[in-house]
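Numbering (UniProt numbering), first residue to last: 1 to 585.
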């Protein structure tokens with residue numbers, strides 16, 4: 001832009017300042033702030049906020065305080081309470097609570113009185129430090145809120161912290177704070193909106209972690225003071241949680257409790273029928289469908305899709321096709337989800353011809369679908385019909401304009417590995433890079449399995465694969481340019497060796513050589529061999545992490561979400577990186 005003689009306007013410079021703030025780049029933020037100030041005589045509150053925020057996010061509290069002091073001399077009218085909160089949070093993050101209290105007093109004297117958002121923001125900043133004594137520190141800080149705020153605002157502040165704690169997985173702290181709120185709520189008065197929101201988030205997080213008894217206890221406790229809409233949301237959330245744990249009876253009991261709060265709409269019945277489907281109980285799904293009709297509910301395609309899914313999970317394809325026809329009789333068009341369930345159902349029954357028939361219908365109506373094509377690739381690969389599996393991948397999936405993913409290649413690599421066909425397994429593995437698909441440690445484990453099942457065993461090839469795995473893992477940790485990969489799509493994968501990696505490599509090279517390899521690479525062999533792995537748990541952990549980041553950022557203002565997202569992302573992905581796994585081949 002400058003080379004072409006175009007002078008950036010205030011909006012352009014503001015966007016550059018915003019980008020520097022998002023990256024926590026203080027030097028760049030200061031540069032663009034001064035450029036903005038020199039180009040335009042007026043300084044806006046948002047620009048001051050972003051600059052102080054960028055400095056604070058670097059962890060330099062004193063620099064953030066210094067900038068605040070400098071602005072207070074000439075722009076006191078622009079120093080809003082939110083900028084003050086950024087400085088207070090910076091003090092909390094470096095563990096200087098005494099300094100935060102002093103600043104709070106100074107701000108109060110200057111006319112910036114604290115509100116519930118102030119106390120909540122600082123308490124959440126304390127929580128993000130992950131100190132072992134976080135709860136005591138938070139309670140000490142919230143005690144100041146009791147002195148400075150009215151009871152409604154105090155409860156609102158505590159509830160905000162409980163909600164934030166639940167969203168980042170600190171459920172024990174969240175429950176202690178929520179208990180504090182409920183103790184102060186009088187039976188004759190309804191709970192504040194913030195408390196209901198916090199309680200819902202605690203219940204949802206407990207359900208996602210499988211702590212269903214605790215979640216149900218909060219519903220029972222909250223229904224005495226909570227609003228009907230709150231009770232409805234909580235009950236439906238727990239219906240889904242119970243269904244995910246295959247506890248259909250408890251899901252139905254929670255749905256019946258929700259009916260007292262007005263759970264009688266189409267969405268609610270869709271959730272209940274879907275819960276029965278997940279528990280593979282077609283009879284219960286059909287019973288709730290008929291009850292929805294009796295209640296005057298006009299069914300939609302989502303409700304019928306849940307019934308089709310229930311029948312497919314049960315293995316009753318005649319019933320699945322019946323509900324498909326009945327949906328059409330209602331004038332509804334089968335959705336991609338319904339057709340996907342029918343494909344999956346036929347695959348489970350071993351009827352690959354039927355699966356292809358439904359896949360063709362789905363393609364005709366909605367175009368190529370990655371999930372359906374991956375399902376077919378997996379089905380033919382498991383039947384060892386490798387020609388058909390690769391044809392579907394090449395012609396229908398890639399040829400149909402779809403971007404393949406790990407599930408597109410993984411079944412092929414694994415099927416070839418099971419047969420000891422190392423050359424074919426390696427060919428499919430290298431094809432992942434061609435199509436910018438990141439391999440995971442699972443694919444490396446599958447290649448090692450191919451070496452172990454070949455006759456004779458391919459010792460040198462196994463050693464080369466393991467060395468490549470370790471090199472790629474080291475490159476990722478050092479953020480160095482990758483030698484074994486191209487420009488991949490999606491986030492980096494955890495490529496650390498797993499229990500399966502060592503066991504499969506040991507089958508190729510022998511126990512003594514395996515021990516030497518572990519020593520050479522600094523791998524704790526016995527500790528890793530004792531580690532257990534659950535792919536489903538890892539998927540749930542990753543999904544929950546994404547929700548905390550996306551939902552959390554979505555509830556804040558733009559400037560607040562920048563600071564919150566950056567720090568929570570770092571914790572979330574640090575946690576996922578240290579999630580012990582051992583990858584199934």
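Just so you know, even glycine gets a beta-carbon here, dropped at the ideal spot from N, CA and C. Predicted model, so just to flag it, every value in this text is computed and none were measured.
Between residue i and residue j, how many whole angstroms is the CB-CB distance? I'm expecting something under 8 Å.
i	j	result
residue 505	residue 441	Between residue 441 and residue 505 the Cβ distance is about 12 Å, and since that is not below 8 Å, they are no contact.
residue 270	residue 303	5 Å
residue 412	residue 404	Not a contact, Cβ separation roughly 10 Å.
residue 306	residue 351	Residue 306 to residue 351, Cβ: 22 Å. No contact.
residue 119	residue 144	7 Å
residue 376	residue 355	6 Å
residue 174	residue 159	That pair is no contact at about 10 Å.
Using only CA atoms, which one of the options lies nearest to residue i?
i	options	result
residue 383	199, 347, 139, 402	347
residue 470	228, 520, 389, 246	520
residue 503	276, 493, 449	449
residue 446	284, 117, 507, 403	507
residue 169	150, 124, 136, 149	124
residue 434	398, 452, 444	398
residue 227	217, 369, 261, 240	261
residue 257	273, 238, 472, 460	238
residue 370	352, 15, 343	343
residue 601	316, 264, 276	Nothing can be reported for residue 601, as the shown portion of the chain is limited to 1 through 585.
residue 240	224, 219, 278	278
residue 465	457, 444, 452	444
residue 207	375, 245, 181, 311	245
residue 453	419, 211, 499, 430	419
residue 500	354, 530, 317	530
residue 219	330, 395, 179	179
residue 300	364, 334, 217	334
residue 458	213, 286, 510	510
Tell me which same chain residues have a C-beta within less than 7 Å of the C-beta of residue i, skipping the five on either side of it?
i	result
residue 361	339
residue 156	116, 192, 194
residue 314	280, 282
residue 215	203, 206, 207, 238, 241
residue 379	347, 352, 355
Which same chain residues, not among the five before or five after residue i, have their C-beta less than 6 Å away from its C-beta?
i	result
residue 222	199
residue 517	none
residue 250	242
residue 309	277, 341
residue 587	This structure gives no information on residue 587, because the portion of the chain shown stretches from 1 to 585.
Output needed for residue i: all residues of its chain with C-beta closer than 8 Å, excluding positions within five of it in sequence on either side, in chain order.
i	result
residue 416	386, 422, 424, 425, 428, 450
residue 381	389, 411, 412, 414, 415
residue 330	299, 304
What's the C-alpha gap between residue i and residue j?
i	j	result
residue 114	residue 135	21 Å
residue 176	residue 137	13 Å
residue 586	residue 259	Absent from the model: residue 586. The displayed extent of the chain is 1 to 585, so no value can be given.
residue 664	residue 165	Since the first and last residues shown for the chain are 1 and 585, residue 664 lies out of range.
residue 252	residue 235	10 Å
residue 151	residue 196	16 Å
residue 148	residue 229	31 Å
residue 327	residue 462	53 Å
residue 406	residue 493	11 Å
residue 522	residue 528	12 Å
residue 512	residue 498	18 Å
residue 209	residue 414	31 Å
residue 322	residue 373	24 Å
residue 290	residue 316	19 Å
residue 345	residue 312	4 Å
residue 594	residue 358	No statement about residue 594 is possible, as the shown extent of the chain runs from 1 to 585 and does not include it.
residue 349	residue 473	40 Å
residue 217	residue 126	28 Å
residue 524	residue 455	30 Å
residue 153	residue 172	23 Å
residue 325	residue 400	28 Å
residue 267	residue 402	32 Å
residue 254	residue 247	11 Å
residue 599	residue 292	Outside the displayed span of the chain (1 to 585) sits residue 599, for which this structure offers no information.
So does residue i have its beta carbon nearer than 6 Å to some heavy atom of the ligand FMN?
i	result
residue 370	Absence of the ligand FMN is noted for the structure shown, with no ligands found whatsoever.
Between residue i and chain C, is any beta-carbon pair separated by less than 7 Å?
i	result
residue 388	In the structure shown, chain C does not exist; there is a single protein chain.
Beta strand (DSSP E) segments (min. 3 residues) lying fully within the stretch 358-426: none
Inside the stretch 164-198 only - alpha helix (DSSP H) runs reaching at least 4 residues: The stretch 164-198 is shown to contain whole alpha helix (DSSP H) runs of 4 or more residues at 171-184, in chain order.
4-residue-minimum alpha helix (DSSP H) runs that sit fully inside the stretch 320-360, ordered along the chain: As far as the stretch 320-360 is concerned, its whole alpha helix (DSSP H) runs of at least 4 residues are 336-349.
Continuous alpha helix (DSSP H) assignments of at least 4 residues falling wholly in the stretch 239-324: If we require 4 residues or more, the alpha helix (DSSP H) runs fully inside the stretch 239-324 come out as 248-259, 266-278, 282-294, 301-314.
Entirely enclosed alpha helix (DSSP H) segments - the stretch 200-244, minimum 4 residues: 212-222, 228-244
Segments assigned beta strand (DSSP E), at least 3 residues, entirely inside the stretch 440-528: none
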